[in-house]
Amino acid sequence: MLSELAKNKLHSDKTKALISRALVGENNPFYNRNHSLESKLRMIKANSAYSVYIYNSIRKLLVIYPSVRTLARLINSNHSTIVSFIKNGTLFRGEWYFSNLPFNLTDTPLISNWSSNESKNLILEIINNYHIKKAIFVYNKNKEFIRKFEGVTHAQKELNINHDIIKKYALLNKPYKGFIFSYDRLNN
1 MLSELAKNKL
11 HSDKTKALIS
21 RALVGENNPF
31 YNRNHSLESK
41 LRMIKANSAY
51 SVYIYNSIRK
61 LLVIYPSVRT
71 LARLINSNHS
81 TIVSFIKNGT
91 LFRGEWYFSN
101 LPFNLTDTPL
111 ISNWSSNESK
121 NLILEIINNY
131 HIKKAIFVYN
141 KNKEFIRKFE
151 GVTHAQKELN
161 INHDIIKKYA
171 LLNKPYKGFI
181 FSYDRLNN
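Going letter by letter, the sequence shown gives residues 1 to 188 in UniProt numbering.
Following this line, the structure appears as C-alpha cells:
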C-alpha cells in the first residue's frame with residue numbers, strides 16, 4: 001500500500017540537498033570502501049577509456065584516438081553514436097570505420113599523432129561530412145568501382161533507379177541492371 005503511494009513522486013531540490021549533506025563522510029554507506037576490480041572495469045568501459053582506431057573506407061588505418069569521448073568532442077558527435085558505429089562495424093558518414101581494436105595487428109597509422117595538423121584536417125573532413133548518413137558505393141557487374149554517392153536518393157537521381165530497389169540490392173549484394181550497390185567498399 002505505501003509503495004503504491006510513493007509511485008511517481010520525486011524529491012524536491014531542498015530534500016535532495018538535505019539527503020546529500022546527511023550522507024557526507026562517515027555517514028556515506030560507501031565510506032572507506034573500494035570498488036571491486038570488476039566494478040572498476042565496468043566503469044572504465046562505460047566511460048570508454050579505450051582507444052578508437054579510425055580507418056578509411058578501404059580499411060587503411062588513419063589515426064588512433066585515445067578515447068571515444070575525445071573523438072566525440074572533436075567531431076561534434078556523441079558518445080553513444082560512436083559506440084554504436086564501433087559495435088556495428090558500419091561506415092560513419094560514408095567514409096570511416098571506427099574500431100576499439102585494430103583490424104590487423106600489423107596496422108600502423110598513417111597519422112602518428114592524433115593532435116597533429118594532419119589529424120585536425122581529418123577531423124574537419126569528418127565534420128564537413130555530417131550530412132552523409134549512409135553512403136552508397138556503385139560497381140559494375142565485374143565489381144569495378146564506378147562511384148560513391150552521398151546516399152540512396154543521390155544515387156536514385158543520377159542513375160534513375162528507384163531508391164527502394166537500390167536499398168534492396170545493396171542489402172542483397174546482387175547485381176541489378178549491370179550495377180552492384182553496396183553500403184561498404186567491395187574487396188577486389
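We put the CB at the ideal spot given by N, CA and C, even for glycine.
Item	Value
The region 82-99 touching the region 57-73, judged by at least three CB pairs closer than 8 Å	yes
Limits of the unbroken alpha helix (DSSP H) element including Ile86	79-88
Backbone secondary structure at Ser99 - three-state DSSP	strand
Endpoints, alpha helix (DSSP H) assigned at Arg73	68-74
Per-residue DSSP class, three states only, for Tyr169	helix
Backbone CA spacing between Ile166 and Asn142 [nearest angstrom]	18 Å
Whole-angstrom distance between Tyr31 and Thr108, CA atom to CA atom	45 Å
Supposed close pair Leu122, Val63 - CB separation, criterion 8 Å	6 Å
Residue environment, Ala155, which counts as buried when at least 16 other CB atoms sit within 10 Å	buried
CB of Lys134 within 8 Å of CB of Tyr169, strictly	no
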